[in-house]
Amino acid sequence: MVVLAQADEKRHTSAYAVPFLDLFKYADAFDFLLIAAGSLGAIANGLAIPAMILTRGHIIDSFGRPQLQASQIKDQIFANAQVFVYIALGAWIASYLELSCWMRAGERQAKRIRTAYLRSVLRQNVAYFDTNVTTGDVVNSISTDAFLVQEAISEKTGSFIRNATQFLGCYLVGFTQAWRLSLVVLPFTPLLIMPGMLYGKAVTRFEVRKKSAYSKAGSLVEQTVASIRTVFSFVAEDKILKSYSQLLEATVHLGVKQGYAKGLALGSGGIAFAIWSFMTWYGSVLVMRRQANGAEIITTGLALLNGARSLGFAAANIRTFSEGRVAAHKIYETIARVPPIDVDDDNGEQLTNVAGKLDFRNVLHSYPARPGVQVLQELNLSIPPGKTIALVGGSGSGKSTVIALLERFYDPLQGQVLLDGYDIRSLQLKWYRKQIGLVSQEPALFATSIKENILYGKEDADFDEILEASNAANAHSFIMQFPNAYDTQVGERGAKLSGGQKQRIAIARALVKKPPILLLDEATSALDTESEATVQAALDKASLGRTTVIVAHRLSTIQTADLIAVLHSGKVIELGTHDELVSKGKEGAYSALLYLQGKPGIDTTTPESPPSPKVSSQQAIPEQLKQNDGGSDNSPKSTLWDLLISLTRGKRTDGALGLVGGVGFGFVQPSYSLLIGSMLTVYYTKNREELKEAVSLCSMLFAAIAAAAFTVNLLQHYCLAVVGEHLTKQVRVKMLTSILSFEVGWFDKDENSSGMICSRLATDANMIRSLVTDRVSLLVQTASAVAVSFIIVLFVNWRMGLLVIGIQPLLVFCYYVKLVFLKGFAKKAAKAQNEATQIATEAVSQHRTVAALSAQDKVVSSMKTMLDATTKDAKKQSHIAGFGLGVANFVLYASWALQFWYGGVLLTQGKATLQDVFKVFFVFLSTGRVLAEALSLAPDLAKGSAVIESVLSILNRKTEINADDKNSAKVGRIEGEVELCNVDFAYPSRPEMMVFKSFNLRVEAGKSVALVGQSGSGKSTIIGLIQRFYDPLQGMVMIDGRDIRTLHLRSLRRQLALVGQEPVLLAASIRDNIAFGQESCSEQEIIEASSIANAHTFISALPDAYNTAVGERGAQLSGGQRQRIAIARAILRNPAILLLDEATSALDAESERLVQDALSKTIIGRTTVTIAHRLSTIKSCDSIAVIQSGRVMEMGSHEELLARGEQGAYSSLLRMQL
């Protein structure tokens, strides 16, 4: 099974890419100034080599004049050496301008592109997220695609301009020196261009298909990490890893094809050597005809060859441009998309006064993801201004759809939704949504402070307004118990708060804007009894004077509403006040719902309740409100070499062949250079027969070098692509395997959010692939070339050889300094990029909340702030990198001047021959060029170094809770006795705040225990400890008398099943969600579990039944439907211990009654631990434990606890729900 969204991807098989110039559409005037300066530097830098070749030709010519004396030759050498120095100085300045300007311009534009993309994504209508895009798609675009665009518009473009200029300059030199030879060679130029062009097209096609596969894999990871507790609880790690591996397999085949294409393209560079073979012969013809001399032939040949090489390097950048253009098409297409419901559309009316009258007139609606299912059918409903209306009915009856239409998340297919008589489609959308306060069934918070979360409701609210809203939502008291109060970080999606606390902050966020319209979709469903009563009173007060629409399953919360509408199959079947509807008797739909909740028409006004026991300030604070500095982040045990050895098992032969190809290519350049140096005397041979013989030999050797270059390039890049793509997959799978082995506390850290983990998996693995397939191969061939070159120069002339070898460390040092600086900046940039990616991930995954709050600008501003840090660092980085490259190029070119000067000295002293000088020089030239090419990868190597550290930090980390410890005892079928003995516990993120101190609780095997009490009292912590999400600081958690730390955790968790308060579904089919974590189950078993959970009926009514895609996080289903699927998933597991954390809180009255009956049958014979705020659902439990202040205040059966009288804690809670 592949757990993955079956969303319509809207992808094309053919390659779509934007025009190259469109890559720069987000450049401003200053960027264009930087681009102009960088281009000018690139052009000047590109002209340095042609100028050097021309100057060197003058030196060759002076050597070839027999009439010149030694002193005259020396003067000529010294004069031309000075020219070399001047060119070197010019190249220093040009290199600085090129690299610094292009790097900075690229970073500035990339920031705007990322910002514009996120802004556009958040601008889209909700239907777009239902059918077109997933959070994984957005993460991939923000991190990977935007990075590819940045690569294409930064220093790689400068490199292309430099190489293109060098190509043109070299050909110009060739035509000025020996135009006949240049003219004859010119028709061969297309042969040098075509491989690069064909390669670029192939890459474009492969990249489109690879991105589709990577996007699916990224979506799977994002869903997995975001619902990690569910994955651990259902022991679905192996299934997730198998699905992830299958999704990545397609990328391996595509990557290997890319490597083959690259080998063909670069191997075709051997055509240049074949052309040399021809030029050698034709040059001899021109010399014999006295139409050119030896210096002109060699200078022209070198110029044309360097031009060809530059063209090859320019063509190599075509891949970067191709990838960038493909990535930009995807990003720009999203940016350009104007949604049908556009929050940025400033057209539309803004009413001066909003009374709040709402009307639905003949509304027909179906969701875009399921157009065949009518959710609302000619709905007519009028809501008077300033009144409160409650919507009740079964799950899927259309209640939440009414809320969605009022928020204008969707437009109805037919009919109208009116505000004060105006069709809301005629109103300015952003203004309209600011008139509405929404509190949803599942509270959505952002990974920032409590204060900032409340400010999402009203960005310009002052602190007094925040306090007022927090007090109204009964949130102020618990907030002030945190050390950082309103500055407390809530974690990803509010993970550091309890469910009730998250809901109260969401209510405060809605109230702070003081909207004329208030929408409450199960706003108090997550609250404990005491908090619910207080918050309900606050909401009743807040509803006065404003139009309020309430969706509720718990009918006791809406009996004071001015109107109650009963919905069934998308229609209003009853409408009236509570008393009016009750007066219809048992035949009325509302009365039937009341009867199902055990309140057949009784007026249940909440009586005064005695004060409940106070909770200590320390233990009332929730569990996870401090950055976790713990964790077993051990010192790295593995090195990069260990990683490569372990992950390339089975592909080492390919790796060895690829390295052999790299080593072989290292021989090509020195061999060619030695041959060029030998040719110097060939053209000055007086005897024609000897000249012809020597030329024939040289031509054949050039042809042999061409064949060797093609063979070793193809071997190198194909084989290393096999290794690289296999390694990429293995790194991703290995990293995810390690991540899924970590304890839950690791995921509580802010830096380990789902968005950041997705970003690391994508960018880190791709960078390692790039290091292996591109960077390592270049380094290997560089090492080979350097070694061969050093041997040659020492053999030819040891004096000049020592000089050449002595110069190399200085060149390497210049690049090393640059590398060190880049490494530090790369870490900062990566951190800022990850944080920015997390903001985007969180915003998109909660896009409905962002849309309802009209918080798009706030989210984008937060991301922009993160990216600003990257831009500032990039400014420093660009200056240092440019300066470093300039120094390195100066040293390289100045070293040529030094070598010629020293060669002239040795020549006049008789310690070197003309041929020796040029052999050493050309070999040294090729070595310097190869080194320069390898070390020009400093930015990539700097990033690669940081990436390797990042990967190793994941792979080497030892988890604190090993779920698959081979030394622990495997668990078979258990009896189910659960006992917490003298447990001390504090969450790792807040070690100083004790949740439990000497806590004791025992649940007999096969019995049911209900945990009740105030939100934040530790009920959910008990569930977490039983599943061993965390370990106690002291004491033991025992099952069947054995400490669970001694048991094999995965086998133990297979005996447990959890139904959480907020149902977690993955973007897959209903069938896959029910069968989640099960190794094998039949269709009949799935249907039986669904039937017990009262889910089979609504599933069967869907067009695709069990194959229906639920959408990202189950967005295509109602809350009750999601919960019933989660219950079916637990029932299918047939657990020995069933853990129910508010398992029926999201169900309507009828479904709750049926599911509760089903659960009552299901719990027979198995241990059940139930957390409930609705006490009517747990009366039949064998025991009820009242948890207060992290301890058991009372424990007994329902009857036993009631017998304690009105002063009992349980009786107090029960009276509040009467």
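Sequential numbering of the sequence shown, starting at 94, is according to the working numbering. Beta carbons are placed, not taken as given, at the ideal position from N, Cα and C, and that holds for glycine.
Between which two residues does the beta strand (DSSP E) harbouring aspartate 747 extend?
That residue, aspartate 747, is in no beta strand (DSSP E); its alpha helix (DSSP H) goes 745–775.
N- and C-terminal bounds of the beta strand (DSSP E) containing glutamate 1072
For glutamate 1072, the enclosing beta strand (DSSP E) stretches over residues 1071–1078.
Rounded C-alpha distance that separates isoleucine 476 from valine 605:
Approximately 23 Å between the Cα atoms of the pair.
Give me the Cα-Cα distance between serine 988 and arginine 853, rounded to the nearest whole angstrom.
Answer to the nearest angstrom: the Cα atoms are 42 Å apart.
4-residue-minimum alpha helix (DSSP H) runs that sit fully inside the stretch 943–985, ordered along the chain
Counting only runs of 4 or more, we get nothing.
Inter-stretch contact at 8 Å, needing at least 3 Cβ pairs: the stretch 145–152 / the stretch 451–469
Flag = no, the stretch 145–152 and the stretch 451–469 do not touch.
Considering just the uninterrupted stretch of the beta strand (DSSP E) at isoleucine 1230, what are its terminal residues?
Isoleucine 1230 -> beta strand (DSSP E) spans 1230–1234.
By Cβ distance below 6 Å, which residues in the same chain neighbour aspartate 1275 in space, the five residues on each side in sequence not counted?
Cβ neighbours of aspartate 1275 beyond the five flanking positions: Lys1100 and Ser1101.
Can you give me the C-alpha to C-alpha distance between aspartate 841 and alanine 1188, rounded to a whole angstrom?
Looking at the two C-alpha atoms, the distance is approximately 33 Å.
Pull up the distance between the alpha-carbon of glutamate 330 and that of leucine 1104, whole angstroms please.
Between glutamate 330 and leucine 1104, the alpha-carbon positions lie close to 29 Å from each other.
Just the Cα atoms here: how many angstroms apart are leucine 820 and isoleucine 1041?
Straight-line Cα distance between these residues: approximately 13 Å.
Where are the alpha helix (DSSP H) runs, 4 residues long or more, that stay fully inside the stretch 196–261, in chain order?
Within the stretch 196–261, the runs of alpha helix (DSSP H) at least 4 residues long that lie entirely inside it are, in chain order, 219–224, 228–233 and 239–245.
Unbroken alpha helix (DSSP H) runs of length 4 or more, entirely within the stretch 307–393: which are they?
As far as the stretch 307–393 is concerned, its whole alpha helix (DSSP H) runs of at least 4 residues are 321–326, 330–360 and 364–381.
State the start and end residues of the unbroken alpha helix (DSSP H) segment that holds lysine 589.
Counting along the chain, lysine 589 falls outside any alpha helix (DSSP H), and DSSP gives it neither H nor E.
Can threonine 481 and threonine 670 be called in contact, C-beta distance under 8 Å?
Cβ distance not < 8 Å, so threonine 481 and threonine 670 don't count as in contact.
Tell me which same chain residues have a C-beta within less than 7 Å of the C-beta of alanine 203, skipping the five on either side of it?
Taking alanine 203 as the centre and dropping the five residues before and after it, the same chain places the C-beta of Ala239, Val242 and Gln243 closer than 7 Å to its C-beta, in chain order.
Taking 8 Å as the threshold (C-beta atoms), are histidine 940 and serine 193 in contact?
Cβ atoms of serine 193 and histidine 940: not closer than 8 Å.
According to DSSP, is leucine 48 part of a helix, a strand, or is it coil?
Outside the displayed range of the chain (94 to 1311) lies residue 48, so it cannot be described from this structure.
Please return the same chain residues whose Cβ sits closer than 6 Å to the Cβ of valine 1157, not counting the five positions on each side in sequence.
Counting only Cβ-Cβ distances below 6 Å, and skipping sequence neighbours, we find Ser320 and Thr323.
At least three beta-carbon pairs within less than 8 Å, the stretch 1146–1165 to the stretch 1199–1217:
Result yes; three or more Cβ-Cβ pairs closer than 8 Å.
DSSP state of glutamate 1299 mapped onto helix, strand, coil:
In this structure, glutamate 1299 counts as coil in the three-state DSSP scheme.
Could you check the C-alpha separation between glutamine 629 and proline 505 for me, to the nearest Å?
Computed Cα separation, rounded: 31 Å.
Roughly how far, in whole angstroms, is the beta-carbon of alanine 1150 from the beta-carbon of leucine 1231, given that I think they are within contact range, below 8 Å?
With a contact defined as Cβ atoms closer than 8 Å, alanine 1150 and leucine 1231 qualify at about 5 Å.
Just to confirm, does glutamine 443 get its C-beta within under 7 Å of one of the non-hydrogen atoms of the ligand MG?
The ligand MG is absent from the structure shown, which contains no ligand whatsoever.
Where does glycine 1128 fall in DSSP's three states?
In the structure shown, glycine 1128 sits in a strand (DSSP, three-state: E or B).
Terminal residues of the continuous beta strand (DSSP E) containing leucine 656?
Run containing leucine 656: 656–661, per the beta strand (DSSP E) assignment.
Under a Cβ-count criterion, where at least 16 other Cβ atoms within 10 Å of its own Cβ denotes burial, should valine 431 be classed as buried or exposed?
By the neighbour-count definition (other C-beta atoms within 10 Å, threshold 16), valine 431 is an exposed residue.
Pick helix, strand or coil for tyrosine 549, following the three-state DSSP scheme.
Here tyrosine 549 sits in coil by DSSP.
To the nearest angstrom, how far is it from the Cα of glycine 593 to the Cα of glycine 1109?
Their Cα atoms are separated by approximately 8 Å.
What number of angstroms, rounded off, separates the C-alpha of alanine 420 from the C-alpha of arginine 745?
Rounded to the nearest whole angstrom, the CA to CA distance from alanine 420 to arginine 745 is 33 Å.
Helix, strand or coil at histidine 1291 according to DSSP, with G and I counted as helix:
The three-state reading of DSSP puts histidine 1291 in helix, counting H, G and I together.
Sort out for me which residues DSSP pairs isoleucine 482 with in a bridge.
Per DSSP, Val642 and Leu656.
Using DSSP bridges, identify the partner residues of isoleucine 1264.
Per the DSSP secondary-structure output, isoleucine 1264 pairs in a beta bridge with Leu1104 and Asp1234.
Exposure label - isoleucine 1257; buried when at least 16 CB within 10 Å
By the neighbour-count rule (16 or more Cβ atoms within 10 Å), isoleucine 1257 is not buried but exposed.
Quick check: what's the CA-CA separation for glycine 1301 versus glutamate 1070?
Here the alpha carbon of glycine 1301 sits roughly 27 Å from the alpha carbon of glutamate 1070.
What separation, rounded to the nearest whole angstrom, lies between the Cα atoms of asparagine 473 and isoleucine 1054?
Just so you know, the alpha carbons of asparagine 473 and isoleucine 1054 end up roughly 56 Å apart.
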